[in-house]
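Residue numbers (the numbering used here), protein chains in the order written: chain F, 161 to 275; chain D, 6 to 117.
The structure appears right after this line, and notes come after that.
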């Protein structure tokens with residue numbers, strides 16, 4: 161059963177705590193993306209990676225970090241420097257990230273709440 | 006980045022047609038996309054159109070593209086209650102490294 165999985169579905173963060181959101185894909189896609197969605201807002205790009213061991217900042221990277229050690233995994237860490245982390249986080253992937261006609265497939269999302 | 010503009014809400018009766026409009030930002034965007042998001046879920050790709058096309062039809066969905074005005078629309082024929090969702094217009098600007106630039110989404114409510 162191919163697709164993108166994100167875990168957990170809900171995540172609670174205490175002040176000053178770093179938390180990590182998981183994103184895994186078994187589509188053999190080279191490119192992966194993290195977006196943040198706030199109520200009434202579109203999706204904003206946090207980070208993206210076009211290939212293993214390489215990633216680029218998106219529009220709102222401050223307070224976040226990523227790693228891409230394996231092709232199938234692109235975890236996102238929300239650090240204590242991110243002052244307003246409450247949002248819905250969506251992970252996506254596409255085949256190579258180098259062709260404009262490629263479809264991005266999305267995971268089901270993780271909702272992060274601050275205690 | 007610049008904003009992709011969409012109206013925020015649309016309400017239609019079941020069986021009517023829905024038209025969701027979008028104005029995008031980058032005239033060099035080669036592909037333009039429509040995604041659907043149901044409550045609490047990820048995004049599902051509905052359709053996309055290549056910039057050298059004026060229209061694309063896919064079953065109940067019709068996409069119209071006016072490249073001169075950078076205007077994109079999605080028409081849903083015979084709208085059903087299951088079509089109630091948020092619809093996002095998206096482009097891939099030439100500077101973005103192939104990441105999507107989204108509008109804020111249009112909430113479509115279909116009433117019986």
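C-beta: ideal position from N, C-alpha, C; glycine also.
**Prompt:** Quick one: is residue 203 of chain F near chain D, going by C-beta distance under 7 Å?
**Reply:** One-based indexing of the first chain puts residue 203 of chain F at position 43. Cβ-Cβ to chain D under 7 Å: yes for residue 203 of chain F.
**Message:** If contact is defined by three or more beta carbon pairs under 8 Å, each pair taking one atom from either stretch, is the stretch 20 to 30 of chain D in contact with the stretch 46 to 62 of chain D?
**Reply:** no
**Request:** Pull up the distance between the alpha-carbon of residue 12 of chain D and that of residue 215 of chain F, whole angstroms please.
**Result:** Here residue 12 of chain D is taken as the residue at index 7 of the second chain, counted from 1. Here residue 215 of chain F is taken as the residue at index 55 of the first chain, counted from 1. Cα-Cα distance, rounded: 33 Å.
**Message:** Assuming residue 197 of chain F and residue 205 of chain F are in contact, meaning their beta carbons sit under 8 Å apart, how far apart are those beta carbons, in whole angstroms?
**Reply:** The count along the first chain starts at 1 and reaches residue 197 of chain F at position 37. The count along the first chain starts at 1 and reaches residue 205 of chain F at position 45. That pair is no contact at about 11 Å.
**Asked** CA-CA distance, residue 175 of chain F and residue 166 of chain F?
**Response** The residue you call residue 175 of chain F lines up with position 15 of the first chain. The residue you call residue 166 of chain F lines up with position 6 of the first chain. Answer to the nearest angstrom: the Cα atoms are 23 Å apart.
**Under 7 Å by beta carbon: chain D residues contacting residue 266 of chain F** = Against the first chain, residue 266 of chain F aligns to sequence position 106. Simply 47, 48.
**Asked** Applying a beta-carbon distance threshold of less than 9 Å, which residues of chain F neighbour residue 105 of chain D?
**Response** On the second chain, residue 105 of chain D is found 100 positions in, with the first residue counted as 1. 193, 195, 203, 205, 252, 264, listed in chain order.
**Message:** For a contact defined as C-beta to C-beta under 8 Å, what are the partners of residue 269 of chain F on chain D?
**Reply:** In the first chain, residue 269 of chain F corresponds to position 109, counting from 1. Ordered by position in chain D, the residues that pass the 8 Å Cβ test against residue 269 of chain F are 45, 46, 47.
**Asked** Of the residues that make up the stretch 78 to 96 of chain D, which ones have a beta carbon closer than 7 Å to any beta carbon in chain C?
**Response** In the displayed structure, chain C is absent; the protein chains listed are F and D.
**Prompt:** Is it the case that the CB of residue 191 of chain F approaches a heavy atom of the ligand SAH more closely than 6 Å?
**Reply:** By its list of ligands, the structure shown contains no ligand whatsoever, and the ligand SAH lies outside what it can speak to.
**Request:** Taking only beta-carbon positions, decide if residue 109 of chain D is within less than 7 Å of chain F.
**Result:** Position 104 of the second chain holds residue 109 of chain D. By this cut-off, residue 109 of chain D is an interface position.
**Prompt:** Would DSSP call residue 30 of chain D helix, strand or coil?
**Reply:** Taking the first residue of the second chain as position 1, residue 30 of chain D is located at position 25. Residue 30 of chain D falls in the coil class under three-state DSSP.
**Request:** Quick one: which residues of the stretch 9 to 23 of chain D get their C-beta closer than 9 Å to a C-beta of chain F? List them in chain order.
**Result:** 9, 11, 13
**Request:** Could you round the C-beta distance between residue 226 of chain F and residue 179 of chain F to whole angstroms and report it? I think they count as a contact, below 8 Å.
**Result:** Along the first chain, one-based indexing puts residue 226 of chain F at 66. Along the first chain, one-based indexing puts residue 179 of chain F at 19. Not really, about 13 Å apart at Cβ, beyond 8 Å.
**Asked** Which of helix, strand or coil does DSSP assign to residue 239 of chain F?
**Response** Taking the first residue of the first chain as 1, we reach residue 239 of chain F at position 79. DSSP places residue 239 of chain F in coil when its eight states are reduced to three.
**Request:** Following the continuous beta strand (DSSP E) through residue 187 of chain F, name the residue where it begins and the one where it ends.
**Result:** As a working mapping, residue 187 of chain F is identified with position 27 in the first chain. Here residue 187 of chain F belongs to no beta strand (DSSP E), and DSSP marks it neither H nor E.
**Asked** Less than 7 Å separating the beta-carbons of residue 236 of chain F and residue 273 of chain F?
**Response** Residue numbering aside, residue 236 of chain F sits at position 76 when the first chain is read from its first letter. Residue numbering aside, residue 273 of chain F sits at position 113 when the first chain is read from its first letter. Result no, Cβ atoms of residue 236 of chain F and residue 273 of chain F do not sit closer than 7 Å.
**Asked** So residue 94 of chain D and residue 77 of chain D are in contact, right, with Cβ under 8 Å, and what is the actual spacing, rounded?
**Response** Residue mapping note: residue 94 of chain D aligns to position 89 of the second chain, counting from 1. Residue mapping note: residue 77 of chain D aligns to position 72 of the second chain, counting from 1. Confirmed, about 6 Å.
**Message:** By alpha-carbon positions, which one of F:229, F:200, F:249, F:199 ends up nearest to residue 221 of chain F?
**Reply:** Against the first chain, residue 221 of chain F aligns to sequence position 61. The residue with the shortest Cα to Cα distance from residue 221 of chain F is F:249.
**Prompt:** What is the DSSP secondary structure of residue 214 of chain F, counted as helix, strand or coil?
**Reply:** In the first chain, counting from the first residue as 1, residue 214 of chain F sits at position 54. It is a strand residue.
**Asked** Is residue 253 of chain F buried or exposed, if buried means 16 or more other CB atoms sit within 10 Å of its CB?
**Response** For the purposes of this step, residue 253 of chain F is identified with residue 93 of the first chain, where counting begins at 1. Residue 253 of chain F is buried by the Cβ-count criterion.
**Asked** Does DSSP classify residue 74 of chain D as helix, strand or coil?
**Response** As a working note, residue 74 of chain D is residue 69 in the second chain. Here residue 74 of chain D sits in coil by DSSP.
**Request:** Pull up the distance between the alpha-carbon of residue 23 of chain D and that of residue 52 of chain D, whole angstroms please.
**Result:** Position 18 of the second chain holds residue 23 of chain D. Position 47 of the second chain holds residue 52 of chain D. If I take the Cα positions, the gap works out to 15 Å.
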